[in-house]
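Numbering (my numbering), first residue to last: 16 to 80. Cβ atoms here follow ideal geometry from the backbone N, Cα and C, with glycine treated the same way. None of these values were measured; they are calculated from a predicted model.
The following block contains the structure:
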């Protein structure tokens with residue numbers, strides 16, 4: 016589950032297999048209504064109840080205009 020400032024978003028599905036434990040670069044677009052005009056966001060990622068654990072090197076937010 017993904018959330019921005021407590022607003023739950025659609026699930027972030029990652030259909031790509033990654034059996035070799037390689038680096039993966041992925042994109043999840045946030046709704047403009049939750050980000051427009053904001054200089055600070057709190058993004059929360061929660062694993063699915065029976066989901067696979069993961070680790071992350073970094074997360075990055077970009078603005079599309």
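With a cut-off of 8 Å on the beta carbons, I'd call residue i and residue j a contact; round off their distance for me.
| i | j | result |
| --- | --- | --- |
| residue 20 | residue 45 | Incorrect: roughly 10 Å between the Cβ atoms, too far for contact. |
On a Cα-Cα basis, can you pick out the residue from the options that is closest to residue i?
| i | options | result |
| --- | --- | --- |
| residue 69 | 39, 22 and 26 | 39 |
My output table needs one value for residue i: the three-state DSSP class, helix, strand or coil.
| i | result |
| --- | --- |
| residue 61 | coil |
Going along the chain, which residues of its own chain have a beta-carbon closer than 6 Å to the beta-carbon of residue i, five neighbours each way excluded?
| i | result |
| --- | --- |
| residue 57 | 20 |
Determine the direct distance from the alpha carbon of residue j to that of residue i, and round the result to whole angstroms.
| i | j | result |
| --- | --- | --- |
| residue 71 | residue 63 | 16 Å |
| residue 73 | residue 54 | 19 Å |
| residue 26 | residue 75 | 18 Å |
| residue 66 | residue 16 | 10 Å |
| residue 28 | residue 43 | 9 Å |
| residue 59 | residue 80 | 23 Å |
| residue 61 | residue 18 | 9 Å |
| residue 24 | residue 47 | 12 Å |
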